[in-house]
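A.B. asks: For what it's worth, this note's numbering labels the leading residue of the sequence shown as 2, then goes sequentially. Even glycine gets a Cβ: it sits at the ideal position worked out from N, Cα and C. Bear in mind the structure is a predicted one, so any value in this text is a computation, not a measurement.
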Amino acid sequence: MKFLLATATAALMALSIGSAYSSELAPLNSDTEKDRIDWSQLEAKFGAFPKLPDGTRAGAVSKTLTNEYWRSLGEGFKSFGDRVGVPVVYQAAQSEGDQLGQLTIAEGLVTQGYNVLLVSPQTDSNLQPIMEQAKAANVPVVNVNDAVIPQAEHYVGNVQRDNGVRVAKWFIKNRPDGGKVAIVEGQAGVYAAVQRTDGFKTTITEAGKFEVVASVPGNWDRQTSYDAATNILQQYPDLIGFYANNDGMALGIVEAVKAAGLQDKVAVFGTDGISDAYASIRAGELTGTVDSFPVLTGEVALESALRLVAGQKLPRVVATPQALITKDNADRYSGAGDAVRKALLEDAAAGN
C-alpha cells in the first residue's frame, strides 16, 4: 500500500510539474528535435573543453546495473570525468522496473549538492519530478538515453527510431524475397522501445514483401523473450527473422531459435552492442546488433553536461553515433576506445 501511494504521489507530481514546464518548453522528441548537434561537431562549434568552477562534481543515475549497456555508460562517465578531473558518482535502481527507487536516488544526488545531474529514466515520466527540484537548485539535468523526459532541456543519445530502420534495411537487402518477421519489444510505453519498434515495422512493411506477424513485449528480459520467441516459432515455423529492442532479449531469442533447430533459417538482431552480443555474432549465432556505443555516449554526455556547467549554451539534443554490426564488420567497432572513436569520426565525416 505504501508503494502504491508513493507511486501515485510521484505520478501526480509529474503531472503538475509537466504543466508548470509546458509554457516554457515544447515536449521533447529526441529523434526529431531540430535544435541539435552531432557529437562529432561539439569541439568544432564550441571550442576546446572549457575551464570548470573549482570543486565541480557530477551525479548520474541509471536504469539498472544488471544490464551491461548501463554499466558501460557509467564507464564512459568515469572515463571522461577522470580525463578532466571531475569526480562522478554513478548510481542505479535495483531493477529496470524500480521507478520510485530511481527517483529517490536522483532526488538524493540533487540534495547532496552535485553540480550537474545525468539521468537515464526508467520511463518517460518517473523522473519528471526531479526537473523542478534541480531547476530550483540551479543544477542542469541531462537526459541520457533512452526514455525521454518530455520537458528535458538537454538530451544526449542516439536516434532511437534509426535502430529499427537499420535492421529493417538489412532484411530488405539480404532477404530480397521477403517473408514473415517478428518483433520483441522492450518495456511498453518507453520512448526508445516505441521508436525502435516503429522504425523497424514501418520500414520493413513499406518494402512490400515482408509481413510483421507478431510484435510482443519482452520487457527487456532475456527469459521473457525466450518464451515469447518459442511461442512465435511454434505458431510461425516459416518465420525468417526477429528484431529485438535490446541485446539481452535478442540473446534469449537466439536460444529459442537454436532449440527449435532453425538457426540456419531465422536471422536475429538486437540493439545496444553489448560484449555478449559481439561474442554471439562472432560465433555465428546472433546475426547482428545496432551498437549505440554506450562508453562513447557516456563520455559525450558528461562532456556536454560539463560544458553546460561552464556556461556554454548547447543545442537541446546532442546526437551520438550508432552502427549496424554483423560478422563482416564486428572487428572495426570492437577495438580499444580511441580506435572505435576514430572509426566513428570517419563514419560521421562520411555521413554514415
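Flag Val267 as yes when its Cβ comes closer than 6 Å to any non-hydrogen atom of the ligand ADP, and as no otherwise.
C.D. replies: This structure simply doesn't include the ligand ADP, nor any ligand for that matter.
A.B. asks: Check whether the Cβ atoms of Ala1 and Val85 lie closer than 7 Å to each other.
C.D. replies: A query on residue 1 cannot be resolved here, the shown segment of the chain reaching from 2 to 353 and no further.
A.B. asks: Counting along the chain, where does the alpha helix (DSSP H) carrying Lys181 start and finish?
C.D. replies: No alpha helix (DSSP H) holds Lys181; the beta strand (DSSP E) holding it covers 180–186.
A.B. asks: Can you name, in chain order, every residue of its own chain whose Cβ lies under 7 Å from the Cβ of Ser41, other than the five neighbours on each side?
C.D. replies: Here the set comprises Leu346, Ala349.
A.B. asks: Please report the straight-line C-alpha distance between Trp71 and Thr65, rounded to a whole angstrom.
C.D. replies: Taking the straight line from one Cα to the other gives about 7 Å.
A.B. asks: Cα-Cα, which of Ile150, Lys174, Asp125, Gln323 is closest to Thr204?
C.D. replies: For the residues Ile150, Lys174, Asp125, Gln323, the minimum Cα distance to Thr204 belongs to Lys174.
A.B. asks: Could you check whether Val145 and Leu118 sit closer than 7 Å to each other, using their CB atoms as the reference points?
C.D. replies: For Leu118 and Val145, no; Cβs fall outside 7 Å.
A.B. asks: What residue does the alpha helix (DSSP H) around Thr203 start on, and which one ends it?
C.D. replies: Run containing Thr203: 192–207, per the alpha helix (DSSP H) assignment.
A.B. asks: Let me know the secondary structure DSSP gives Ser218 once reduced to three states.
C.D. replies: With the sequence shown as reference, residue 218 is identified as Pro, and Ser is not the correct amino acid for it. Strand.
A.B. asks: Distance, Cα to Cα, Glu108 vs Phe270?
C.D. replies: Spanning the two alpha carbons is a distance of roughly 37 Å.
A.B. asks: Could you tell me if Gly352 is buried or exposed, where buried requires 16 or more neighbouring beta carbons within 10 angstroms of its beta carbon?
C.D. replies: So Gly352 counts as exposed.
A.B. asks: Between the Cα of Asp178 and the Cα atoms of Gly242, Glu154, Pro218, Ile131, which residue gives the shortest distance?
C.D. replies: Asp178 has its Cα closest to that of Gly242, out of Gly242, Glu154, Pro218, Ile131.
A.B. asks: Report the three-state DSSP secondary structure of Phe50 (helix, strand or coil).
C.D. replies: Here Phe50 sits in coil by DSSP.
A.B. asks: Using C-beta distances below 6 Å, list every residue in its chain close to Lys79, excluding the 5 sequence neighbours before and after it, in chain order.
C.D. replies: The answer, listed in chain order, is Val89.
A.B. asks: Can you tell which of Leu263, Arg317, Ser96, Ala194 has the C-alpha that lies nearest to the C-alpha of Leu29?
C.D. replies: Measuring from the Cα of Leu29, the nearest candidate turns out to be Arg317.
A.B. asks: Using the Cβ count rule (16 or more neighbours within 10 Å means buried), how would you classify Leu224?
C.D. replies: Residue 224 is actually Gln in this sequence, not Leu. Gln224 comes out exposed.
A.B. asks: Measure from the alpha carbon of Gly98 to the alpha carbon of each residue in Asp222, Thr321, Leu315, Thr288, then state which is nearest.
C.D. replies: For the residues Asp222, Thr321, Leu315, Thr288, the minimum Cα distance to Gly98 belongs to Asp222.
A.B. asks: Just the C-alpha distance for Ala169 and Lys202, rounded to the nearest angstrom, thanks.
C.D. replies: Cα to Cα, the separation comes out at about 8 Å.
A.B. asks: Could you tell me the distance, in whole angstroms, from the CA atom of Gly56 to the CA atom of Tyr115?
C.D. replies: Using only the alpha carbons, I get a separation of about 10 Å.
A.B. asks: Can you find the residues in the same chain that come closer than 6 Å, C-beta to C-beta, to Lys266, ignoring five residues on each side of it along the sequence?
C.D. replies: Closer than 6 Å at Cβ, skipping near neighbours: no residue.
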